[in-house]
Structure formats: C-alpha cells, structure tokens
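Here the structure comes first, spelled out in structure tokens, and everything after it is commentary.
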Amino acid sequence: MSRIAHSRTALMIGGATAALAAMLAVSPAAAQSTDQVNGTRVAASHQRADHSRALADTSGFEIVTAAPPAESSDIALRANAVTTSVRANRSDSKLATEVSEAGWRRTTELTSGNGGIVADGAALLVTTQRGMAATTTALSTDGVLAISADTSHANRITVADNRLDAQALGNDAAAALSLAGLQEPAAGGILGFQSNDRRSAVTATNMAAMRIGVGATFDSDIAMTDNLVRALGYGNAFSSDFSVTGTNARGADGGAPASLVPSDGNPAVSATFATLSHQQQDGSVTVRAGDDDESDPFHLVVFGQLSRSSAQHDGDALVAGSYGSQSDNAMSLRIGTVSGGGAVANITSVQRSGDIDIRADTVGGMRTNILGTMSEAQASLSDNTARAVAIANLAERNLLSVEATDIDTVGLPGSGPVGTASSGYDNSSSVTAAFSVQNVQDFGEARIAAVSTSALKLGAAGPVLRSALAADGNAVSVAATGNGATSGLTLAAPVLRTSADLNNIQSGSGGIRVEAGNGLAPLGTVLALPATVLGSELSVRDNALTGTAIGNSASNSMHVTGTGLANGSGHDEAVSGPLPEGYGAAADYALASSQTLGLSGALEDAVGLDSIVAGRFGMLGDSRAYGSDYGVEDNQVAATIIGNTVANRLSVDAVSLGAADVPAPGSALSSAQYGQVIGKAHAYQALVTPGSLDGSSVSVKANTNQAYAGINEADNRLSLDAVYGGALTGRNAQLAIGSSVAVSGDHVFGNLQFAGGGISADAITSIENADSGIGLAGSRFVVEDNVTTAEAAANRATNVVEFAAVGGGAASALGNQQFSTANVTASASLDAGYRVSPFPGTPMIDGSSVSIADNATSALARGNAADNQLVVRGGVAMAAASAGADRYNLWAEAGAPLLNAQTNHGSVTAMASDSLIGAAFNGPLAGISRSSLVIGGNSVSAAAYGNTATNAATQSSVGSPPSVAVVSSQTNYGPVTAFATGNRLTMPLSAMTGSSFALTGNQVSAVAIGNQAINTVTSLR
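Mapping of the sequence shown onto the numbering used here: residues 191 to 1211, in sequence order.
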C-alpha cells in the first residue's frame, strides 16, 4: 500500500486509474501493496496490469484514391495517419513547488524492487508500474494507402508525408519535478519503478503498404516522398526531468552511499536531490514492420511508358524498433550556495533483462518500376531508409548538470573520504560523492536480434532514352545491442570544494545477432535496366548497408569547470584500479566504467555475436549502352561486432587547482572490460555495371566494404587545464601492473582489458560487369579507389592523459594492461576487373580506356593494440623516476609514469588471399585497337600482430620538468600468421593495334609480428 504522510498530498495519476486514486486518498489502510511513500509534497502513481490483454488493431484499413484518365490535375494523398497505439500502463506525473512548502528535510531516501518501493523525503514524485501475465499488442496488417490512376497527361500525382505507425508499450511513464524559489534549502526526489514478468510479452506488427500505380504517363510529375511505416515495441519506457532553481542546498545527512546497487537486490539512493529509475523486463518484445505479401511496403509503378515526366520516390522510411527497457533521466540544478557534507545530487539508473527474446525485423523495401519506355524522363529512388533496431536495455540519457555560485561540501573531521566509484567484489556497485551518476545494466541471457530483408530497386522494363535515373543516398541498417548508455555529469561554480562520481556498470551473457541479406539474397540498391540505354545518366551513389552487433556500449563524460578548485573529497591521493572493497576510481573527481560479457572463462559460457551483411549496388542488365554515363560510387557495406565498447571523458578546467596551503583536487579515471565472445562479422559487397558500351562511361569508384570484429574497445581521455596546477600528494605517481592495473597520484588513469573466445572478420568484394559480347567502343571503364578491409582485434584501446598548467605541478600517470586468450582471424579478398567475350568481327576494346587502379584490399588481425599518450605541460621537479619488471609484474614511480603491459595467448591470423584484379578477354587474341589498359597502384596486404603498442610521453616546462618513465612489457605465446597467397593481378594476352598496356605500382604484402612497440619520450622547452 502507498502510505503517504504529512500535510499536503498530490496524486497525479495517468491512465484509467481513478479507483486507485480514491483508494490512496480515502482508505490507505485497506490496500495490500507494499509500496511506501512518505513526504510533505507528493505526487504518486501506482499501476498494475494483472492477467490482462491490451490490444490495438487497425488491420485492413484502406485509404485509396482511384482516378480515371486525367489531364492537368492534382491528385494527392498527403499527411494521413493511421496510428495503432497500446499501453498496458501509462502514467504522466508532474509536481511543481514554487514556495517554501516542502518542509525541512535534507535527505531523500529511495529504494526500489519487485517486493515494493520505499520513498522518504520532502518533495517526492513516485511512479510504479507492474505487468503480471499482461500481454500488449499493437497490430496493423493488410492495410493500404494508395493512389491508382489511369493514363496521366500533365498531372501531379503525390503520396507524401503519410504515417502508418504501430506502437506497443508494456509500461510507459514520464515524471517531471520542479523546485523553484524556495527560501529554505530544498530537497526532493523522483522514483520510477517498472517491471514485467516473463508472461508479459510486447508485440508490435505493422504490415501495411503505400502504393502509387499509374498508367502510361506524359508530361506529369509522380512523387512518393517522406512517408513512414513504423513499428515500435517497448517493455518499459521511463523519462524523468528534475529541475531545481533559485535556492541553496545542503548535503544529505546519514552517511549512507549516494547510491548502492546490489548484484540482484534492491537499489538504494540517499541524497538531497535524487532520481532513481529501476526497470526489469522478463517478457519478450517482438517487432515487425513492412509487407508480408512477398512485396515491398513502398512501391511506385508506371504501367506503361514514362515520357517527359518525373517519377520521384524519395525520403520514405521503414522502421522497426524493439526495446526491452528504455530510460531518459535528467537533473538540472541552477542554485546558489551548496554546503554541508553528504550527498547533494544523484541519478541512478538500473535496467535488467531476463531470459527473453528482443527482436526487430523490417520486411520488404522500396521499389519503383517503369514497365515501358523512358523517354526524356527522370526517375529517382533516393534518400530512403530502412532501419531495424533491437536493444535489451537503453539508458538514453543519465545527465546531471549543476551550476552554483559556491560549492563547499567538505565533511566534518573524521567523517572519512568520499568520491569513490566502485564495482564491488560482491558484484555490487556504488558511488559516494556529493554529486554523482550511476548506471547499472544487465541484459542477462536475453537473445537480441535485428533482421532486414529491405532492398531498393529502380527498374525500367523498356529502353531508356535521354533520361536520368538516380538511386542515391539510401541507407539500410540493422543494429542489435545488449546494453547501451549515455551518462554525463557537468559541474560548474566559481569556487569548488567538493566531489563528483560517475560510475557505469554493464554486463550480460545472452546472444546478439544481426542480418541484412545473405549470399543468396543480397540487399542493397540497384537499377534494373534490361533494355537499351541511350543518351542517359545513371547513378547509384552514397548508399549504405550496415549491420552492427554490440554487447555493451557506453559513453561516459564528466566535465568540471571553475575558478578555484580545492580538495573536497578527503582523499589524500587519487586512485585508479583496486580499491578496498572493489575496483574503480577514488578521487575528488572519479569516473569508472566496468563492462562484462560472458559468465566465466569456459567457451560454452561465451556470448555469441554475429553480423551478416550482404549488399549489391549498381546496374543490372546486359544490353548495349550508347552515349550514356554510369556512376557506382561511394557505396558502403559494413558488418561490425563488438563485445564491449566505451568512450570515457573526464576533463577539469580551472584557473587554479589548489593553492600554496590548500591541497588541489585529484582526478581518477578507470576503465575495465572483460569479454568472452564467440563471433563473426561477414561483409559481402557486389558492384555491378554494364560492360557493353558505345560512346559511354562507367565509373566504379570509392566504394567501401568493411568487416570489423572486436571483443573490447576503449577510448579514454583524462585532461586537466589550469593556470596554476597544484599538487595533492606532493610525490611521484605510483604505477603497478600485475593481475590488474593499480595507479595512484594526483591525476591518474588505468585501463584493464581481458578477452577470451574467438572472433573473425571476413570481407569479400566482387566488382563485375555484364557481358553481352560486344565490349567497349569509344568508351571509358574505370574501377578505382575501392577499399575492402577486414579487421579483427581482441583488445583495442586509445588512452590519453593530458595535464597543462603554467605554474605549480602535479603527478600524472597512465597505465594500460591487456590480456587475451582469444583466437582472432581477419580475411579479405577482392575480385575486380573488366571481363568481356568476343563479338564476331569487332575488337573487344576499340578506341577506349580501361583503368583498374588504386584499389586496396587489406586484412588486419591483432591480439592487443594500444595507443598510449601522456602529455605534461608545466609542472615542477619531483624525485627521480624508478621502474622495474619481472615475469609477472611491472612497476614505476615518477612525476609522469606510463606503463603498458600486454599478453597474448591466442592465435592471430590475417589472410588477404585469392584476390583477382585485372582484365580478362574470353576470346581470340586479336581484340584491342587504339585503346589503353592500366592496372596500377592496387594493393593487397595482410598484417598480424600478437601485441602492438605506441607509448609516447611528452613533457614541456619552463623550469625543471617532472621525472618521466615509459615502460612497456609485451609477451606473446600464440601463433601469429599473415597470408597473402594466391593473389593475381592479370593482363590479357592479346594482340594490340595502336594500344598500350601498363601493369605498374601494384603491391602484395604479408607481415606477421609477435610483439611491436614504439616508445618515445619527448622533452620540449
């Protein structure tokens, strides 16, 4: 039962919940819920869908215009909408306080879980939503929005800006709390709890179509533009907005951590201003968008010729999105003085998924057919999108923004240090600083998949005469992610003596798969032109087909700005790495990220990641082309799998850090990743063009095909910029690497990565031309600057630490440790050239040029790869540097130490083999007249590294610089192999008449290195 105490109670309850409102307001003792809410000003909503079915169905709709033969008319279907929307629970709550009504409470206590929630504080906004055997279904099938017209003369026929939308949400809530103009120090909190059990499935299906069908068309404009077919499904969706303006604030009493999240228990938050978002999804979410009738959801067809007319099919979108839990939490403090010890503000987001399916499919694509001759006409199929996205847990935003006139939250003597972002040895997570953000996500054993069968095709069945066809800028993407989060904390005040934490914890052990086409049914963008083409321009440019599967993805940022900054945490040093009860970062400003994928070291517990992408781009058809230009350029295929990926940014900008008698604040950044992955990324690209040309040109340029497989990726940056940069410790920084990275000093960073399992990246490109047996006459055929790459890496990191100050000096340190037992394979191949068969009595190339140049094919495989940069500008002399190493440990002490340790046990293999680049003539020797053939500057390369690192320390100082140490240790136990075999760069053996051949500047290479390091120390004055 919701027990709401104190004087004024506000109940703002969304949806059909009047009975619950009455029960809360009139008879609190009669309810059976365990939810407890105690506050002075309260808005509370409690909802439960129990053994219920929520269904919205708009199937079978028809929005159709049928027109007889028309002339000089405007026929349109514009801005129509068919919306299928359903929610099991829906709540929108707002609470605004503008006077001193919230009472004197400095601490907000929030706890949530399946057993109930507890909220205690002054101004409180609480929403709870539960689904128990509650199915939610949005269904729209067999619907059509269409224009059907007969012969068209000087008409405008338009289907534009229409929306067919299906949305299903299990739990949907929004909460907004505003505290403004309070005379006393304010306090308040938002608590949002949402859960669905395993029988509470969410389904969104939108199988509908948009059509234009018109007869023979003359002097008319036909347009199908900017339409949407979409299906979205959410298990839980929650957004919160907490704003505080025009008041003072004090830290919370009680000494509890600002946020504590047990491994499988109830999260607890204790702060003056607090937001707790807790979501649990144990029911599957299935979403499909498209057309089930083996057709395309967007189809424009002209049943006859298209003469002096345009057919525009641009800007349409097909979207399927499946989300287990989604949240968006923001807190903004624009306040005066902040004082007192304890936590001032915290945002905590917790998302967990069970053994469920999260799936999104787009079915069918976009098509335009001209079933007759095109004469002096234009047709386009451009800027269309098809997107399938499946995510188990998405924390779209956890953002805490603080602006104050003065912040001093130093605790009482003996209260102990705060400012620790930690992942505990008991799998709990916590933050203790005055200002903090904590994100915790676990996608459990969820199976997450995104699949697309969306291809784009523009076809003309008859001859194309003096016309233009373009299929440009289309994008088809599939993406599946276990956990995704963006977290940020900004802190700004003229005077800062405080602490700030940001902690990101992500884990999962399920499987993730994406598929966009395959070898038998590739997607992509094509022009289908079976008949003669004369005096026309045709392009397939800037199209993209991508598939991305990611286990854990996070972007974390903390930015602190002020005039004078001083130590406010009580820490006498900054620490990154092992902590007394866990692993993370401890400092005045501490940012920690921990990502885990897979349960243990056993391969059977590894997470499966797969991305299969196959695309075809260009022109289909083998009839002769006369006086026409073909462009197949800047098209992209990409298949990507990544186990863990993170970008961490911690920056501090100030006039002064500390003073002569005031310790400076310390900063610490910690990134840890563990990944057990079995996965593959497969990218296939076919580029097709006509090969029978007369007075024409073909350009196949700057297309890319990329397959990337990685287990752990990290991009870390710690930067400090001040006029005076004082010290916290007054000593050298200390670094030790053994079983983990331990760093201590003034401003410190540590990166730890472990990879196991096995991954492969495979990229195959085929550039081919249709062959009608006539060849080239007075034409140009170019295949240039196309790139095929396959890259695989077990661990990859970019780590940067920068300290810049004019005066003063502090000890900065960077430590990187990478360990891999994973088997890593990258494979790439290219088949490119011009191939033609003979035509009796006709040279195969006559008065023409063929260039196959500057195409690159590469395979790169690495066990561990790191780019470490430590930059110190300014500073003062400290004790001399010292360093040491044995078989298992590495350590250093210096004013600016950099340590790198890498160990690889897995096999590393790169293969760039069996590529075929050149020209082939399938006929008699005599076949080239007054022509040129160049095969030059093409490259095929394979490179494999067990460990590779770049370690650079740069220092500059007006006076005596701090001591510097750069130490790198690399150990490789696994086989490292690079193959570049069976590659052929060929010229046809043929008699020539007034012609030239050039086979020049091509390269084939294979490089295999066990350990490679580049270590530099640069001193600038």
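Where is the CB? At the ideal position from N, CA and C, for every residue including glycine.
Based on the DSSP output, what are the partners of His-503 in its beta bridges?
The partner list for His-503 (beta bridge, DSSP) reads Met-414 and Leu-571.
Quick one: what does DSSP say Glu-261 is sitting in, helix, strand or coil?
strand
Restricting to Cα atoms, I'd like to know which of Thr-1190, Ala-398, Ala-912 and Ala-1196 is closest to Ala-1168.
Ala-1196
Using DSSP with H/G/I as helix, E/B as strand and the rest coil, what is Glu-593?
The answer is strand: DSSP assigns Glu-593 an E or B state.
Taking the beta strand (DSSP E) that Tyr-615 belongs to, which residues open and close that run?
Under the DSSP assignment, Tyr-615 falls outside any beta strand (DSSP E); it carries neither an H nor an E label.
Can you look up Asp-911 in the DSSP assignment and give me helix, strand or coil?
strand
So the beta strand (DSSP E) Ala-1138 belongs to, where does it begin and stop?
In the sequence as presented, Ala is not what sits at residue 1138; that position holds Thr. Its beta strand (DSSP E) spans residues 1129–1146.
Please state if the CB of Leu-769 and the CB of Leu-686 are separated by a distance shorter than 8 Å.
no
Per DSSP, Ile-832 forms a beta bridge with which residues?
Ile-740 and Gly-900
Would you say the segment 870–885 touches the segment 778–789, given that touching needs at least three Cβ pairs under 8 Å?
no
Does DSSP classify Leu-793 as helix, strand or coil?
helix
Report yes if the C-beta of Ile-265 is less than 7 Å from at least one heavy atom of the ligand COA; otherwise report no.
The ligand COA is absent from the structure shown, which contains no ligand whatsoever.
What residue range does the beta strand (DSSP E) around Arg-1052 cover?
That run of the beta strand (DSSP E) goes 1046–1063.
Cα-Cα, which of Gly-652, Ile-695 and Ser-689 is closest to Tyr-615?
Ile-695
Determine the extent of the beta strand (DSSP E) in which Gly-698 is found, giving its start and end residues.
690–698
Do Val-827 and Ser-889 come within 8 Å of each other at the CB atom, strictly closer than that value?
no
Identify whether Ser-818 lies in helix, strand or coil by the three-state DSSP scheme.
coil
Taking C-alpha atoms, which residue in Gly-444, Asp-411 and Ala-464 lies nearest to Gln-502?
Closest in C-alpha terms to Gln-502, from the list Gly-444, Asp-411 and Ala-464, comes Asp-411.
Give me the Cα-Cα distance between Ser-909 and Val-845, rounded to the nearest whole angstrom.
14 Å
If the criterion is Cβ atoms closer than 8 Å, does the pair Tyr-820 and Ser-887 meet it?
yes
Quick check: the Cα distance between Ser-390 and Asp-472, rounded to an integer number of angstroms?
7 Å
Among Leu-1004, Ala-278 and Val-334, which residue has its Cα nearest to the Cα of Thr-327?
Comparing Cα-Cα distances from Thr-327 to each of Leu-1004, Ala-278 and Val-334, the minimum goes to Ala-278.
Starting from Phe-488, trace the beta strand (DSSP E) in both directions and tell me its first and last residue.
488–497
Can you find at least 3 beta carbon pairs, one from the segment 902–922 and one from the segment 982–990, that sit closer than 8 Å?
yes
By DSSP, does Met-564 sit in helix, in strand, or in coil?
strand
Just to confirm my understanding: we take Ala-1203, look at its own chain, exclude 5 residues before and 5 after, and list those with CB closer than 7 Å. What are they?
Ala-1139, Asn-1141, Ser-1158 and Gln-1160
So which of Phe-939, Thr-437 and Ile-548 has the shortest CA-CA distance to Asn-838?
Closest option to Asn-838, Cα to Cα, is Phe-939.
Select from Ala-1000, Asn-985, Ile-1035 and Gly-1085 the residue whose C-alpha is nearest the C-alpha of Gly-1136.
Asn-985
Which of the three DSSP states, helix, strand or coil, is assigned to Pro-1151?
coil
Using only CA atoms, which one of Ser-342, Gly-250, Val-451 and Gly-305 lies nearest to Pro-259?
Ser-342
I believe Ala-312 touches Arg-440 by the beta-carbon criterion, under 8 Å. Please report the beta-carbon distance rounded to the nearest angstrom.
At roughly 12 Å, the Cβ-Cβ gap does not stay under 8 Å, so Ala-312 and Arg-440 are not in contact.
At the level of alpha carbons, what is the spacing between Leu-793 and Ile-868?
8 Å
My output table needs one value for Tyr-1024: the three-state DSSP class, helix, strand or coil.
If DSSP states are grouped into helix, strand and coil, Tyr-1024 belongs with the strands.
Terminal residues of the continuous beta strand (DSSP E) containing Ser-889?
887–891
Could you tell me the alpha carbon to alpha carbon distance between Arg-243 and Leu-335, rounded to whole angstroms?
Roughly 29 Å between the two C-alpha positions.
List the DSSP bridge partners of Glu-727.
Ala-658 and Asp-819
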